[in-house]
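Report on the following structure.
Number of protein chains: 4
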Amino acid sequence: MQSSSPAGRAGRPRSAAADTAILAATRDALVDLGWSKLTLGDVATRAGVAKTTLYRRWAGKNELVVDAVGELFDELELPDRGSLAADIEGVVLQFAAILARPEAKSGLMAVVAESTHDAALRERIRTSIVERQKRLVLEGRARAQDRGELPPEPDAAEAARTADLIFDMVAGAVVHRTLVSAEAASGDWVRSLTQVLLWGLTSRPAESAGGWAQGGGPGGGAPW
Amino acid sequence: MQSSSPAGRAGRPRSAAADTAILAATRDALVDLGWSKLTLGDVATRAGVAKTTLYRRWAGKNELVVDAVGELFDELELPDRGSLAADIEGVVLQFAAILARPEAKSGLMAVVAESTHDAALRERIRTSIVERQKRLVLEGRARAQDRGELPPEPDAAEAARTADLIFDMVAGAVVHRTLVSAEAASGDWVRSLTQVLLWGLTSRPAESAGGWAQGGGPGGGAPW
Amino acid sequence: MQSSSPAGRAGRPRSAAADTAILAATRDALVDLGWSKLTLGDVATRAGVAKTTLYRRWAGKNELVVDAVGELFDELELPDRGSLAADIEGVVLQFAAILARPEAKSGLMAVVAESTHDAALRERIRTSIVERQKRLVLEGRARAQDRGELPPEPDAAEAARTADLIFDMVAGAVVHRTLVSAEAASGDWVRSLTQVLLWGLTSRPAESAGGWAQGGGPGGGAPW
Amino acid sequence: MQSSSPAGRAGRPRSAAADTAILAATRDALVDLGWSKLTLGDVATRAGVAKTTLYRRWAGKNELVVDAVGELFDELELPDRGSLAADIEGVVLQFAAILARPEAKSGLMAVVAESTHDAALRERIRTSIVERQKRLVLEGRARAQDRGELPPEPDAAEAARTADLIFDMVAGAVVHRTLVSAEAASGDWVRSLTQVLLWGLTSRPAESAGGWAQGGGPGGGAPW
DNA sequence: TTTTAACCGAGACGGTACGTCCTGTCTTATT
DNA sequence: AATAAGACAGGACGTACCGTCTCGGTTAAAA
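Put into structure tokens, the structure is as follows:
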């Protein structure tokens, strides 16, 4: 977050422990108080740090919360579970598990809401949080293409558009389920989501319009 | 004979105009200031109303914003465009148009974030905003079943689960596209989203795993 | 308080009981709350009366308190105890007894303080409270002159000046003792006050300067 | 070994200038508005200080006004004018001059009225205002005893009682004259007051009861 | 009688001030 | 130069009263 000050010299160096303590204290405060009742003075107290120290490193509450919440997404990774469906389910479950934590719940949408009036904050969210997630979509597709589960992309622009769509659908669905519908993204739910996505992306309807597939799909029971 | 005023009686009645002015002022302030900088004192001033009048009717900023934003969704309706796909596209475009308005952008996610710490607020959001949207999913499915585009539901519980999934996917995708990815939900994007959804829900993959549909779908070009 | 309305005609007449109840409620509130925390809404509630009724009869808190406290001084009278000294002591004790009541304590000085910025209020205090007290000084002197304890006044202007001085000294001393020194105006204290006053007004020093009276006064022991 | 900072000092020290500015602003506001219309927010604005700074140092309006008014009495002193009568007149005139100032008029009685419901405030008034005045009575008497104008006190308790009586009479009379009778304590008035007091304290009546001194006193003209 | 006008209770209204809390900056002494 | 501590200017909070204004309804004298 700060430069390693190669030639930065005189004076007492910044405490590295302070950063860690402040971000952890921020997450604690988010759990206890939620975003709107979280105050920087309280975070400083929880971290055992003076308010000035906090302001020296972050411009304000939004930036601090973005960094504190962004750290949670560091643990996201794409394990190889053998098939595209399994890979997707795995990573969606990871994402859902993070979103289920109260510090993420409280903080994430709040800073997104703030970002509608603050382009710099929007960019910070993009780099700290969103890109870490979106990368998994691209890696997952590439791995599926390597496996032969998906065809290679003929058109780069179209490929990017599709990746964006998938990302918005997956992340949006999980966020909406967790925060708005306020229900857990269970294994069953994730399985259904994955199924609809994969079928939607890899299939063609039995008839171009007006009909529907008859007969059981895998696991029995169509989603409708 | 008793007076026809069973409940509402003594004292000066509340001004109906005040409610309207306050909600409009709230939306104005959301546009100008965003959620976190919006103050109830400022809203009262904009509405030409005393702060006490505002507090007499709403418990706080969250409740006020929910009602102010909720009104935006009153205009949502399900026009009959002749086919399920067209109906979906139409309603999603309406939803996207509302979300594109800055007062919705700023307010909606903020109150959702707040609701993670406030069950009463969550319930208010559900009844004021979410149910108005979800109703359209149910109506759309019923209409498609009337048309014969979709089969009737054999299992009510399963039907409800599916409706929830669709709703979270559609609403979540639009919200995520608009607020997180910060890009407009254009006609093309909505068309792609609809296509994936419908195919995902009405089709079966050509092979249960490992392959992909070859040959042209309608309009040619798979979404990947 | 209101005119007997010889020609004032139509309409429901004001409730006489309300006046009584309001003034009594005002004194109760003064006891419980003191002047600064007394609110007209609370007085109205205590009196079982609507706030509008109160405002229809008094212009504000100050006027109301002046009337409520002024009633306390209605009971002041000048009993004939046989001598000037005894008369003075008697009336001073009455005055002290009234001032000892918490509703008088709290209210009296407060409205006096307010009157420094409000000439109309000052006049109201004068007619409602001060003149009722000052009258006793004049009556007492007249009675003492009838008895032959005091000489007749040769000069009317000088007589008025002296009455004012006595009044300020007596009332001022009792008020200061009660409110500022916060001690009771006991019988002994009143006796000493009366003694100093009477001696000061009726005697001449033994020598014009530099000496003092030796030998026992009544009760023995000079006040110094 | 401990640090040499026994009373501890961490943090920015309080601004000494703020105290001065706040008390002066309080007196200004008393002049302009009177006690009841004086608001701490306005005082803070006048002093060029934030409201929090004011509340950090004073518990409320009463305490602030006591200190602001109390400072006025710092200038009271007992000049040696050669005789007891002249000393008394001098100090009473000083006291009257202070009371004639609108900031004292408005503030003094208001806080006294408040003190009837607040023991801590009463004590604060005693130490900040009353004792500064009463001290002069004691010094004046001691000086007169040194001069031989008054006899020494045989009984300490009696001496204290007498000093209290004198103080209540003098201060009470001046206050009553100034605030209740709303007339200036002129030189003539002060002279008369002093005369009554001295004669009352140092003389014996010509007859123990029922008569009055005939013939002119010094300066001619009996007070009646 | 019926009118009529002033009264009454209740309570909403536009305002103002309250005393508290938080923000982001600053001024200390210390490390 | 960074730190802990805490004072500072500023501003919003949510509450309490102010004094005014509508309401529906009552009350007694005038018509």
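Protein chains in written order, with the UniProt record's numbering: chain A, 1 to 224; chain B, 1 to 224; chain C, 1 to 224; chain D, 1 to 224.
Glycine included, every Cβ here is placed at the ideal spot set by N, Cα and C.
Same chain only: Cβ atoms within 6 Å of residue i, ignoring 5 sequence neighbours per side
i: B/T26; result: V43, L64 and A68
i: A/E153; result: A159
i: C/R124; result: V66
i: B/L33; result: none
i: A/I98; result: L72 and A104
i: D/N62; result: V111, E114 and L121
i: D/A96; result: V174 and A185
i: B/T52; result: none
Whole-Å CB distance - residue i paired with residue j, under 8 Å assumed
i: C/D28; j: C/R46; result: 6 Å
i: D/M203; j: C/S203; result: Checking the sequence shown, residue 203 of chain D turns out to be Ser, not Met. D/S203 to C/S203, Cβ: 4 Å. Contact.
Residue i, buried or exposed, once every other Cβ within 10 Å from all chains shown has been counted against 16
i: C/G70; result: buried
i: D/K134; result: buried
i: B/R141; result: buried
i: C/S15; result: exposed
i: D/E155; result: Here the sequence assigns Asp to residue 155 of chain D, which means Glu is not the residue at that position. Flag for D/D155 reads exposed.
i: B/T127; result: exposed
i: A/G90; result: buried
i: C/D168; result: buried
i: C/G221; result: In this predicted model, C/G221 has a pLDDT of only 36, less than 50, meaning its place in the structure is not dependable; the value taken from the coordinates is given anyway. Per the 10 Å Cβ criterion, exposed.
i: A/D19; result: buried
i: B/D146; result: exposed
i: C/A59; result: exposed
Proximity of residue i and residue j at Cβ, strictly below 8 Å
i: B/S106; j: B/W35; result: yes
i: B/R81; j: B/D87; result: yes
i: B/E103; j: B/L30; result: yes
i: A/A182; j: B/R122; result: yes
i: B/L201; j: A/V196; result: yes
i: C/L138; j: C/A163; result: yes
i: B/M109; j: A/V112; result: yes
i: B/A157; j: B/L150; result: no
i: C/G172; j: D/G172; result: yes
Cβ neighbours of residue i in the same chain (closer than 7 Å, five flanking residues each side left out)
i: C/P13; result: none
i: D/L54; result: I22, L40, V43 and A44
i: D/A100; result: T178 and A184
i: D/G216; result: Because D/G216 sits at a pLDDT of 33, beneath the cut-off of 50, its placement in the model cannot be relied upon, and the following sentence gives the value as read from the coordinates. Nothing meets the Cβ criterion.
i: A/H117; result: none
i: B/A50; result: A44
i: D/A17; result: none
Cβ neighbours of residue i in the same chain (closer than 8 Å, five flanking residues each side left out)
i: C/V92; result: V170, V174, A185, V190, L193 and T194
i: D/Q94; result: E75, L76 and E77
i: D/P223; result: Residue placement at D/P223 is poorly supported in this model, since its pLDDT is 38, which falls under 50; the coordinates still yield a value, given next. Closer than 8 Å at Cβ, skipping near neighbours: S192, Q195 and V196.
Near-chain C residues of the stretch 82-113 of chain D (beta-carbon distance less than 9 Å), N- to C-terminal order: S83, L84, A85, P102, K105, S106, G107, L108, M109, A110, V111, V112 and A113
Chain-ordered residues of the stretch 18-36 of chain D with a beta carbon less than 9 Å from chain C: L33, G34, W35 and S36
Residues within the stretch 155-180 of chain C neighbouring chain D, beta-carbon criterion of under 8 Å: E158, A159, R161, T162, D164, L165, F167, D168, M169, A171, G172, A173, V174, V175, H176, R177, L179 and V180
Near-chain A residues of the stretch 118-134 of chain B (beta-carbon distance less than 7 Å), N- to C-terminal order: R122 and V130
Near-chain B residues of the stretch 188-202 of chain A - C-beta to any C-beta below 8 Å: W189, S192, L193, Q195, V196, L197, L198, W199, G200, L201 and T202
Members of the stretch 38-61 of chain A near chain B, C-beta cut-off 7 Å: none
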